[in-house]
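Below you'll find the structure, written out as structure tokens, and then a few comments.
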Amino acid sequence: MGPLAPYEIISENTNFLLAFFIGIAFGWVLESSGFSSSRKLAGIFYGYDAVVLKVFFTGAITCMLGLLFMSLFGWIDLDLVYVNPTYLTSAIIGGVIMGAGFIMGGFCPGTSFCGAAIGKIDAMVFVVGLFIGVYGFAFTYGWWEKLYYANYLGEPKLSEALGMKDGLFGLLLIIVALGMFVVAEWAEKKFPREEY
Numbered sequence: 002m003g004p005l006a007p008y009e010i011i012s013e014n015t016n017f018l019l020a021f022f023i024g025i026a027f028g029w030v031l032e033s034s035g036f037s038s039s040r041k042l043a044g045i046f047y048g049y050d051a052v053v054l055k056v057f058f059t060g061a062i063t064c065m066l067g068l069l070f071m072s073l074f075g076w077i078d079l080d081l082v083y084v085n086p087t088y089l090t091s092a093i094i095g096g097v098i099m100g101a102g103f104i105m106g107g108f109c110p111g112t113s114f115c116g117a118a119i120g121k122i123d124a125m126v127f128v129v130g131l132f133i134g135v136y137g138f139a140f141t142y143g144w145w146e147k148l149y150y151a152n153y154l155g156e157p158k159l160s161e162a163l164g165m166k167d168g169l170f171g172l173l174l175i176i177v178a179l180g181m182f183v184v185a186e187w188a189e190k191k192f193p194r195e196e197y
């Protein structure tokens with residue numbers, strides 16, 4: 002039964018090594034999907050390219066289904082899977098800042114490293130800006146600490162908040178994803194863009 006590290010089936014060092022290789026594989030998948038192109042990434046906001054939506058939603062659905070089935074078969078204890086605590090105010094402010102950066106720069110943090118790894122100068126500039134932002138926040142953390150911890154909501158699950166079983170919520174999320182894929186296909190036809 003998992004998770005593997007909390008049950009000491011594997012050591013913390015092995016856990017980090019696996020994370021390293023999974024990260025490399027994730028970067029390879031991003032680059033293979035064209036996510037090193039800022040135009041492709043920004044296309045989701047303009048409607049001409051929905052690959053980002055399709056790939057990430059497919060990944061999220063696959064992960065969710067995998068966890069639900071492993072839990073059903075007793076292979077993983079979902080109560081031991083770490084969930085980031087939710088601080089609503091900082092999540093909203095951070096989301097707005099990152100979203101604005103994504104629209105203006107065409108990269109999110111992960112895809113900027115993907116682009117930088119293959120030599121894209123715009124991605125490298127984005128990575129430099131990312132580090133400036135991280136260090137700027139770290140050195141001025143005292144100014145933001147109260148704001149950072151405002152509106153603590155614990156570790157909520159959307160299914161629990163809606164009073165649903167995890168399986169039913171998963172089914173509804175799959176239906177929503179399929180609906181979004183249909184809308185994305187329509188948008189790509191409605192707002193075509195020449196090849197880049």
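Converting from the sequence shown to this note's numbering requires adding 1 to each position, the first position being numbered 1. Here a beta-carbon is modelled for each residue, glycine too, at the ideal position from N, C-alpha and C.
Query, Result
"Sequence ranges, alpha helix (DSSP H) only - wholly within the stretch 15 to 48, length at least 4", "39 to 47"
"Cβ-based burial, residue 112 [other Cβ within 10 Å; buried from 16]", "buried"
"Between the CA atoms of residue 71 and residue 171 - distance to the nearest angstrom", "14 Å"
"When 137, 23, 156, 46 are compared against residue 105, the one with the closest alpha-carbon", "46"
"Straight-line gap, residue 130 to residue 77 (C-alpha atoms, nearest Å)", "39 Å"
"Environment of residue 80 [buried if 16+ CB atoms lie within 10 Å]", "exposed"
"Nearest residue (CA-CA) to residue 177, options 61, 92, 88", "61"
"Counted within 10 angstroms of its Cβ, other Cβ atoms place residue 53 as buried (16 or more) or exposed", "buried"
"Endpoints, alpha helix (DSSP H) assigned at residue 111", "110 to 118"
"Inter-residue spacing [alpha-carbon to alpha-carbon] between residue 55 and residue 10", "34 Å"
"Residue 89 and residue 18 closer than 8 Å at C-beta", "no"
"Stretch pair the stretch 106 to 126 + the stretch 174 to 193: three plus CB contacts closer than 8 Å", "no"
"Inter-stretch contact at 8 Å, needing at least 3 Cβ pairs: the stretch 23 to 43 / the stretch 157 to 170", "no"
"Pick from 44, 36, 166 that is closest to residue 69, judged by C-alpha positions", "166"
"First through last residue of the beta strand (DSSP E) which encompasses residue 142", "Taken as a continuous stretch (DSSP letters only), residue 142 belongs to no beta strand (DSSP E), being part of the alpha helix (DSSP H) at 142 to 149."
"For residue 36 and residue 6, the rounded distance between their alpha carbons", "31 Å"
"Own chain, CB closer than 7 Å to residue 85, minus 5 neighbours either side, in chain order", "none"
"8 Å Cβ cutoff met for residue 146 and residue 49", "no"
"Local Cβ density within 10 Å of residue 116, reported as buried at 16 or more and exposed below that", "buried"
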